[in-house]
Amino acid sequence: MITKQHIEDFQRDGVVVIRGAFTDWIDTMIAGVDRNMADPSQYASENAVTEGRFFDDYVNWTRIPEYERIVRESPAAQIAAEVMQSETAQFFHDHVLVKEPGTPKPTPWHQDGPYYFVEGEQTASFWIPLDPVRENSLRFIAGSHKWKHMVRPVSWADDSDFYDGDQEWTPVPDPDANPDDMKVLEWEMVPGDAVIFDFRTAHGARGNQSPNRRRALSLRWMGDDARYVERPGRTSPPFPGHEMTQGQKLREDWFPVIWPKA
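With this note's numbering applied, the sequence shown closes on residue 275, and no number is skipped along the way.
What follows is the structure in structure tokens.
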């Protein structure tokens, strides 16, 4: 399923689209998202929208059986290992994002990495739409995974700083205001397609002004070189009580190695 060109695109741009990788898994994903929305976790958020609905929730895979099946049995782990050029694929967490029709709130430009307590050059996040997407697809800044400094992490609800202190961050980018300075990649997608991107790749999305729902399931993976890193505050997800220390490989009882299969 994964070609040399897929790997080259991922390594160069920090993102690649894989067509039809999860066609056989869409019904399972939809059932899992339905169960998740009916029974949200403590981390669920409505993102302070005033029109429509923008729901997201994460770290549910151990209590949503459909998610666990996808993590353990779908081709996601093998695909992640191949595009990361890693011997292993260790699961980090799941994340569901649902923008209902008539929700103008955009997903702000950001990198996932600064919100996480993990760093490494071998990381892969899947974004798998469960509905056809066009103008409400995810958008990426090509090559941003190689920027010297990470993008300033902000709260999606009010754009406030996510951490206290004076860390050295790259300002939140606005590629639409500077189209000659940044190359934006986005794809029309159908259920079963997936985009895979490095935790450090800057991305965002427009609001959903279409008449259709935009449901997406994300799966986050780590490769051989991923290690725990201290952040200047509570990370997202926080994983309280993890007891890991700087430079440690993430504990496998919480974050299992799924590929190669046992």
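From the three backbone atoms N, C-alpha and C, an ideal C-beta is built for every residue, glycine too.
Check: Sub-8 angstroms separation of D1 and N225 beta-carbons; Outcome: With the chain covering only 14 through 275, there is no way to say anything about residue 1.
Check: For A90, three-class secondary structure by DSSP; Outcome: helix
Check: In chain order, each beta strand (DSSP E) run of at least 3 residues that lies wholly inside the segment 203-242; Outcome: 207-210, 216-218 and 227-235
Check: Endpoints, the beta strand (DSSP E) within which K112 is located; Outcome: A102 to K112
Check: Short CB-CB distance (under 8 angstroms) between V96 and chain B; Outcome: Among the protein chains of the structure shown there is no chain B, as only one such chain exists.
Check: Expected contact under 8 angstroms - CB spacing of D107 and S223 to nearest Å; Outcome: 25 angstroms between Cβ atoms; not a contact.
Check: Spatial distance of Q259 from T116 (CA atoms); Outcome: 40 angstroms
Check: Buried/exposed call for H158, threshold 16 Cβ in 10 Å; Outcome: buried
Check: Boundaries of the beta strand (DSSP E) in which T120 is found, first to last residue; Outcome: T120 to H123
Check: Outcome for S138 when other beta-carbon atoms lying within 10 angstroms are tallied against a minimum of 16; Outcome: buried
Check: Terminal residues of the beta strand (DSSP E) in which I77 lies; Outcome: Looking at the DSSP string, I77 is not in any beta strand (DSSP E), and its letter there is neither H nor E.
Check: When R85, M235, P142 and P253 are compared against G1, the one with the closest alpha-carbon; Outcome: With the chain represented from 14 up to 275, any question about residue 1 goes unanswered, as that position is not in the structure.
Check: Cut-off 8 angstroms between Cβ atoms - residues of its own chain near E243, not counting five sequence neighbours on either side; Outcome: F130 and Q259
Check: Whole-number beta carbon distance between L151 and A218, since they are thought to touch under 8 angstroms; Outcome: 5 angstroms
Check: Host beta strand (DSSP E) of D40 (start-end); Outcome: Note, D40: premise wrong, no beta strand (DSSP E); alpha helix (DSSP H) at I39 to A51.
Check: Backbone secondary structure at I20 - three-state DSSP; Outcome: helix
Check: Range covered by the beta strand (DSSP E) that runs through R152; Outcome: L151 to I154
Check: From T120, G133 and N49, residue whose alpha carbon lies closest to that of S99; Outcome: G133
Check: C-alpha gap between A61 and Y241, whole angstroms; Outcome: 31 angstroms
Check: D26 (DSSP reduced to helix, strand or coil); Outcome: helix
Check: Assigned secondary structure, T116 (DSSP; H/G/I helix, E/B strand, else coil); Outcome: strand
Check: Residues near S249 by beta carbon distance below 6 angstroms, same chain, minus five either side; Outcome: Y128
Check: First through last residue of the beta strand (DSSP E) which encompasses S138; Outcome: T136 to P142
Check: Whole-Å CB distance - R147 paired with E181, under 8 angstroms assumed; Outcome: With a Cβ gap of about 37 angstroms, R147 and E181 do not count as contacting.
Check: contact_flag[the segment 69-86, the segment 186-195] where n(CB pairs < 8 angstroms) is 3 or more; Outcome: no
Check: Boundaries (first-last residue) of the beta strand (DSSP E) holding W272; Outcome: V270 to W272
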